[in-house]
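Engineer:
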Amino acid sequence: MTVYAQVALLRPSRHLDRLYTYKLPSSDIKKVAIGAKVKFNFNNRLEEGFIFSLGQEKDFSGEIKPILEVLPEELWLTPELVEMVKWISEYYLCSITEALTLISFPEKVYQDVEVFCTVVDETKLKEKIKKSKRLQNDETVISLLKDKRGLVRTTSTIKKLVKQGILQIREKPLPNLPPIELTESQKQVYQQIKRDMPKNFVGLLHGITGSGKTEIYLKLAGDFLNQGKQVLFLLPEIGITTQMVARVKKYFPENTLVYHSRLNAREKFTVWRELKKGSPVLVLGTRSAAFLPFQNLGLIILDEEHELSYKQEETPKYHVREVVYWRAKRLGIPLLLGTATPSMETYAAVISGLIKYYFLGKRYQNRPYPQVIIVDMFKEAKEGNTGIISSVLQQKISERLQKGEQVFLFLNRRGFAPMIMCRKCGYFYRCPDCDVSMTYHKEEKNFQCHYCGKKIAFTCKCPACQEISLDLYGYGTQRVEEELKKLFPAKIFRVDYDTMRSKNSYDKILEAIKNREADIIIGTQMLAKGFDFPDLTLVGVLNADQSLNLPDFRAGERSFNLLTQVAGRAGRGLVPGEVIIQTFNPENYIIQAVQRGNFQQYALKELSLRKQTGYPPFSKIFRLIIAGEDEQQVIEGANNLVNLLKNASKCNPEVEIIGPAAAPFYKLKRNFRYHILLKTNKSSFAREVLKAGLQEFKKSSLNHKLTLVLDLSPQIFL
Ligand code: ADP
Ligand code: ZN
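In full-length UniProt numbering, the protein residues as written are 1 to 718.
1. For the beta strand (DSSP E) holding R153, just list the boundary residues, first then last.
2. In the structure shown, what three-state DSSP assignment does D376 receive?
3. Quick check: does the Cβ of Y451 come within less than 7 angstroms of any heavy atom belonging to ligand 2?
4. According to DSSP, is K356 part of a helix, a strand, or is it coil?
5. Quick one: complete beta strand (DSSP E) runs, 3+ long, within the segment 92-175?
6. Any heavy atom of ligand 2 within a distance shorter than 7 angstroms of the CB on K454?
7. What is the C-beta distance between Y259 and L292, in whole angstroms, given that I count them as a contact (C-beta under 8 angstroms)?
8. Starting from T270, follow the alpha helix (DSSP H) in both directions and report where the run begins and ends.
9. Hey, would you say the C-beta of Y364 is under 7 angstroms away from at least one heavy atom of ligand 1?
10. What does the shell around ligand 1 hold, if a residue joins when its beta-carbon is under 6 angstroms from any heavy atom?
11. Going by DSSP in three states, A570 sits in which element: helix, strand or coil?
12. Is N412 helix, strand or coil by DSSP?
13. Give me, in chain order, the residues of the same chain whose beta-carbon lies closer than 7 angstroms to that of N446; leave out the 5 immediate sequence neighbours on both sides.
14. Per DSSP, N671 forms a beta bridge with which residues?
15. Should G203 and I333 be called a contact, given that it needs their Cβ atoms to be closer than 8 angstroms?
16. Under 6 angstroms Cβ to Cβ from F269, same chain only, skipping five residues before and after it: list those, please.
17. Taking just the CA atoms, how far does I29 sit from K213?
18. The alpha helix (DSSP H) with I513 in it runs from where to where?
19. Can you name the residues that DSSP bridges to residue 784?
20. Would you list the residues sitting across from E47 in a DSSP beta bridge?
21. Which whole runs of the alpha helix (DSSP H) in the segment 514-592 are 4 residues long or more, in chain order?
22. Using only CA atoms, which one of P418, I351, G426 and A603 lies nearest to S437?
23. For C94, verify whether its CB is less than 7 angstroms away from any heavy atom of ligand 2.
24. Give a yes or no on whether the C-beta atoms belonging to R153 and T118 are separated by under 8 angstroms.
25. Evaluate S211 with the Cβ neighbour count: other Cβ atoms within 10 Å of its Cβ, from every protein chain shown; 16 or more gives buried, anything less gives exposed.
26. With T339 as the anchor, note down where its beta strand (DSSP E) starts and where it stops.
27. With Q632 as the anchor, note down where its alpha helix (DSSP H) starts and where it stops.
28. At what residues does the beta strand (DSSP E) containing R330 begin and finish?
29. Does the beta carbon of C462 fall short of 7 angstroms from some heavy atom of ligand 2?
30. List the endpoints of the continuous alpha helix (DSSP H) containing R287.
31. Measure the C-alpha to C-alpha separation of Y674 and E171 and round it to an integer number of angstroms.
32. Is the beta carbon of D535 within less than 7 angstroms of some heavy atom of ligand 2?
33. CB of C431 to nearest heavy atom of ligand 2: below 7 angstroms?
34. Going by other Cβ atoms of all chains shown within 10 Å of its Cβ, with 16 needed for buried, is Q56 buried or exposed?
35. Run the CB neighbour count on I520, radius 10 Å, all protein chains shown included, and call it buried at 16 or more, exposed below.
36. With I716 as the anchor, note down where its beta strand (DSSP E) starts and where it stops.
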């Protein structure tokens with residue numbers, strides 16, 4: 001009997017998107033399974049890959065080569081991950097090899113991993129420590145002596161103590177149910193969810209900022225861990241702070257694993273190994289954690305489900321919400337989404353009854369929603385104040401400072417001034433490589449392109465007419481900082497990409513703010529979400545219109561989410577909060593809804609607008625971007641592609657093919673960009689059309705000169 005294996009290659013190759021058939025030596029047949037990692041010869045090279053299917057039929061008539069080596073089981077994918085990779089490649093129309101890049105499978109087996117360890121012979125351990133200076137200085141050993149158990153790395157010292165029978169390495173124990181005291185309204189929601197969620201369930205926990213969603217997640221997670229199940233708790237990039245990790249670890253000290261892309265290979269291996277063993281653990285992670293080899297997954301929680309960082313913007317451009325839907329459905333387990341500002345996709349599914357809805361409308365300890373005041377900046381200008389800080393805001397800031405409270409001013413624009421123009425000749429500073437205006441950075445003394453990062457040294461001479469007459473327009477955080485320093489003798493912190501380059505400084509800055517090292521904090525969206533400063537009582541949104549007017553059907557949704565998050569930072573402590581929103585559109589429905597803290601009012605209006613225009617969630621949109629350095633070629637390629645797509649769809653009206661059109665950022669990094677949109681209610685048919693059109697396009701000579709990017713879940717249309 002011969003057994004054949006179909007393997008997926010790890011090495012990316014542009015033309016060979018398929019599985020390859022190999023023969024298993026009879027000695028190996030019993031040693032492999034779907035997901036096994038193996039070595040084989042491919043094009044005269046030793047390559048690695050994963051087995052995607054096994055069988056006695058071969059689908060290939062030529063010479064079939066043997067598998068040369070089966071790698072250790074710790075390195076294998078689980079069969080579920082194999083299925084997931086196949087699904088990703090079909091759903092997002094990418095190759096298997098591209099889909100595999102989403103899984104950060106280990107390259108090798110690490111020996112010194114973190115294990116759970118208990119002290120079995122305390123007397124002997126004490127003796128040993130007494131005799132050895134080295135053990136006295138070993139923090140791990142000392143803390144083991146104190147707690148009698150804990151997570152340790154298997155260093156040679158630990159291994160030796162295990163050998164001597166003093167310590168024992170054990171499987172992870174079940175956690176104790178955490179001592180979480182839910183409030184009355186939290187308890188009600190928790191019990192409803194428990195009642196509804198045995199299996200195959202998607203729920204939305206809609207809780208206003210500060211209502212205590214996390215407490216409910218953790219209570220539910222505890223129930224699953226306690227039954228020996230695994231839990232996946234996903235947070236957006238910005239949510240994984242030291243504060244959050246500490247909060248979860250407090251309840252599940254031995255059963256929490258943190259996972260994000262910045263872990264090193266050994267740390268990632270530890271998580272990988274623990275999950276494959278089936279240990280009862282909660283993984284607190286960012287979107288990459290959705291691709292881990294859970295063996296015994298019981299519950300998935302997606303916090304801040306509306307967040308943009310759940311969408312990966314590199315190929316394959318997946319949305320983690322779609323991935324966890326698939327996974328929960330495939331495994332028949334519950335998925336709980338949570339947010340203060342549900343995405344329109346999720347909310348529409350709630351309305352149509354596909355997702356169960358739970359609402360937490362009160363803040364913890366009934367802290368009131370902040371009072372929101374809208375300031376009309378046209379009126380302000382008419383009254384002679386053309387600065388960026390309105391007189392109302394200025395007065396409110398002084399009041400709060402006098403009371404010793406903190407103020408947060410939000411402006412989503414870094415640098416000093418976002419536009420630079422010559423007063424004499426009208427020359428406008430643009431990035432030479434992108435169709436984007438340069439931003440003046442006073443502190444760094446240069447002009448910067450915020451898209452490609454290009455920097456040009458500051459000069460006050462106009463490059464076109466040589467006059468010294470450059471003028472600055474608009475405000476960035478640096479300019480606001482400068483103005484504030486003139487107005488208030490206060491401690492001022494600026495928190496933006498430029499002040500927070502290093503990895504640790506985010507946590508440090510949060511700590512410093514909490515410790516009252518700042519009275520006024522100026523921040524971009526880096527600081528808009530998730531954190532909790534009890535002394536912060538006044539929030540000022542300096543320019544609410546900035547995100548409102550982007551040419552994108554989701555601009556309104558993103559503005560509502562952002563403004564609600566920003567407003568939610570005020571008054572989380574004992575003193576009620578206040579929010580000032582400065583805008584040129586005081587009547588706008590989004591600004592109005594933020595003022596009332598009324599999600600539903602906003603959402604119903606937003607959904608009716610989307611319905612009128614047929615945009616998501618009332619359709620699906622797929623996007624193709626064609627880019628290249630030669631604009632003529634790009635246009636030609638884009639037109640070709642549209643024709644091929646139209647042929648493939650046979651002009652079926654169920655797929656509307658829109659474009660090509662110049663993308664909103666029509667030149668980036670020297671590349672001209674055009675895009676094509678497919679709008680449809682039959683996404684499986686639209687996928688077929690795309691597949692067929694692209695296949696034809698790949699045969700054309702233009703294909704090799706252009707870059708083609710596929711986005712099947714586009715969130716931003718740059
Ligand atoms: P959300 O995630 O809904 O914005 P959090 O879960 O962060 O809200 O809760 C807001 C604050 O209230 C946190 O500091 C949290 O510790 C506190 N809190 C909420 N519920 C409880 C509770 N049941 N017991 C103790 N503290 C709570
Ligand atoms: Zn640029």
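From the three backbone atoms N, C-alpha and C, an ideal C-beta is built for every residue, glycine too.
Computed from a predicted structure; not experimentally measured.
Structural biologist: So, to answer that:
1. Its beta strand (DSSP E) spans residues R149 to R153.
2. It is a strand residue.
3. Yes.
4. Here K356 sits in strand by DSSP.
5. Here the runs fully enclosed are 114-119, 149-153 and 167-170.
6. The answer is yes for K454.
7. Contact between Y259 and L292 is confirmed by a C-beta separation of about 7 angstroms, below the 8 angstroms threshold.
8. For T270, the enclosing alpha helix (DSSP H) stretches over residues A265 to K277.
9. Indeed, a heavy atom of ligand 1 lies less than 7 angstroms from the Cβ.
10. Those residues placing their Cβ nearer than 6 angstroms to any heavy atom of ligand 1 are, following chain order, E181, L182, T183, Q186, G207, T209, G210, S211, G212, K213, T214, E215, Y364 and D532.
11. If DSSP states are grouped into helix, strand and coil, A570 belongs with coil.
12. If DSSP states are grouped into helix, strand and coil, N412 belongs with coil.
13. K455, I456, A457 and F458, listed in sequence order.
14. N671 is bridged to L668.
15. No, they are not a contact pair.
16. Non-local beta-carbon contacts of F269 in its own chain, meaning distances under 6 angstroms to residues more than five positions away in sequence, involve P106 and Y110 in chain order.
17. K213 and I29 have their alpha carbons spaced roughly 49 angstroms apart.
18. In the DSSP annotation of this structure, the continuous segment of the alpha helix (DSSP H) that includes I513 starts and ends at S505 to K514.
19. One cannot answer for residue 784 here, as it falls past the ends of the chain, which runs 1 to 718.
20. BP columns for E47 point to F40.
21. Qualifying alpha helix (DSSP H) stretches, in chain order: 555-567.
22. Cα-wise, what sits closest to S437 is P418.
23. Not under cutoff, so the answer is no.
24. In this structure, R153 sits away from T118, with a CB-CB distance that is not shorter than 8 angstroms.
25. Counting Cβ neighbours within 10 Å, S211 comes out buried, since at least 16 surround it.
26. Where T339 is concerned, the enclosing beta strand (DSSP E) starts and stops at L335 to T339.
27. Where Q632 is concerned, the enclosing alpha helix (DSSP H) stretches over E631 to S649.
28. Taken as a continuous stretch (DSSP letters only), R330 belongs to no beta strand (DSSP E), being part of the alpha helix (DSSP H) at V320 to L331.
29. Look at C462: its beta carbon is at least 7 angstroms from all of the heavy atoms in ligand 2.
30. For R287, there is no enclosing alpha helix (DSSP H), as DSSP marks it with neither H nor E.
31. Pairing Y674 with E171, the inter-Cα distance amounts to about 55 angstroms.
32. Not so, every heavy atom of ligand 2 lies at least 7 angstroms from the Cβ.
33. For C431, the CB falls within less than 7 angstroms of some heavy atom of ligand 2.
34. Looking at its Cβ environment, which holds fewer than 16 other Cβ atoms inside 10 Å, Q56 is exposed.
35. By the 16-neighbour rule on beta-carbons within 10 angstroms, I520 is buried.
36. Going by DSSP, I716 is part of no beta strand (DSSP E) at all; its letter is neither H nor E.
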